[in-house]
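In the order they appear, the protein sequences are chains E and Y. Residues in the first sequence are numbered consecutively from 3, following my numbering. Residues in the second sequence are numbered consecutively from 5, following my numbering. Glycine is no exception: its CB is placed at the ideal position from the N, C-alpha and C atoms.
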Amino acid sequence: DTEVTQTPKHLVMGMTNKKSLKCEQHMGHRAMYWYKQKAKKPPELMFVYSYEKLSINESVPSRFSPECPNSSLLNLHLHALQPEDSALYLCASSQDGVEAFFGQGTRLTVV
Amino acid sequence: AQSVTQLGSHVSVSEGALVLLRCNYSSSVPPYLFWYVQYPNQGLQLLLKYTSAATLVKGINDFEAEFKKSETSFHLTKPSAHMSDAAEYFCAVHTNAGKSTFGDGTTLTVKP
């Protein structure tokens, strides 16, 4: 299995809602990442987990809360988002911390 | 600090023509360089990577790139464009500190 699976593929949420994005990989990779990508822009790194511990937080607002329950799963909890948070959220994993394998993303719309 | 510059935000070629997408990097350490392709509303797919082995790197779908240290370049080429190559292409430099820097992307259009 060489895939990174993200669910859901699409999500529409209100500004008062709480939702979660999920990411799963079964490649035994030690590092997992969350990226945010706005239209016509490159991905922007949000968080990095290494060996299930948060190692990088790129000054992301607290309305985004990552969680790594185990080595195969990565969640991104969302609360009180703003319309400008609408974007494609990409998960990735890596064994060596260099080459990253990306999921297909969750298209998030905040209304 | 690393940075990546992709020259040309839009490139248009005819089907069957040579594809050349340009990428220049800045890095204080030997870089790991990657090219990714992204189709609309999808994730990034790795085309090829340079990790300090051979300077001419071959990837999927007949893409290749040449690492030129003297020019700090890692340009992507394909001898003959196909309609299915139309997509967004990102050059990226990675470090083993877990961080990555992407270029702004190049939109490739392929005309019939």
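8 Å Cβ cutoff, residue i in contact with chain E
{"i": "H86(Y)", "result": "no"}
{"i": "L48(Y)", "result": "yes"}
{"i": "S77(Y)", "result": "no"}
{"i": "D108(Y)", "result": "yes"}
{"i": "K103(Y)", "result": "yes"}
{"i": "K73(Y)", "result": "no"}
{"i": "F94(Y)", "result": "yes"}
{"i": "H14(Y)", "result": "no"}
{"i": "Y36(Y)", "result": "yes"}
{"i": "N45(Y)", "result": "yes"}
{"i": "K62(Y)", "result": "no"}
{"i": "K123(Y)", "result": "The structure shown does not extend to residue 123(Y), since chain Y is modelled only from 5 through 116, so no value can be given for it."}
Contacts around residue i, its chain only, beta-carbon distance under 6 Å, and the 5 residues preceding and following it disregarded
{"i": "D98(E)", "result": "none"}
{"i": "K82(Y)", "result": "V23, D66 and F67"}
{"i": "D87(E)", "result": "V112"}
{"i": "S22(E)", "result": "N77 and H79"}
{"i": "V41(Y)", "result": "Q49, L51, A91 and Y93"}
Delimiting residues of the beta strand (DSSP E) encompassing residue i
{"i": "N77(E)", "result": "L75 to H81"}
{"i": "G61(Y)", "result": "Sequence check: residue 61(Y) is Val here, not Gly. Run containing V61(Y): L60 to K62, per the beta strand (DSSP E) assignment."}
{"i": "P68(E)", "result": "F66 to N72"}
{"i": "N59(E)", "result": "K55 to N59"}
{"i": "Q27(E)", "result": "K20 to Q27"}
is_contact[residue i, chain Y] using C-beta, thresh 8 Å
{"i": "P71(E)", "result": "no"}
{"i": "E5(E)", "result": "no"}
{"i": "P44(E)", "result": "yes"}
{"i": "V113(E)", "result": "no"}
{"i": "E86(E)", "result": "no"}
{"i": "A102(E)", "result": "yes"}
{"i": "Q27(E)", "result": "no"}
{"i": "L47(E)", "result": "yes"}
Buried versus exposed call for residue i [16 or more other C-beta atoms within 10 Å across all chains shown]
{"i": "M87(Y)", "result": "exposed"}
{"i": "S57(E)", "result": "exposed"}
{"i": "L78(E)", "result": "buried"}
{"i": "M48(E)", "result": "buried"}
{"i": "S95(E)", "result": "buried"}
{"i": "S104(Y)", "result": "buried"}
{"i": "T108(E)", "result": "buried"}
Beta-carbon proximity list for residue i, same chain, < 7 Å, skipping 5 on both sides
{"i": "S73(E)", "result": "E54"}
Neighbourhood of residue i by C-beta distance below 8 Å, restricted to the same chain and skipping five residues each side
{"i": "G16(E)", "result": "V112 and V113"}
Which runs of the beta strand (DSSP E) at least 3 residues long sit entirely within the segment 16-96 of chain Y? Give them in chain order. For secondary structure counted as the beta strand (DSSP E) over 3 or more consecutive residues, the segment 16-96 of chain Y holds these complete runs in sequence order: 23-30, 36-42, 48-54, 60-62, 68-72 and 77-82.
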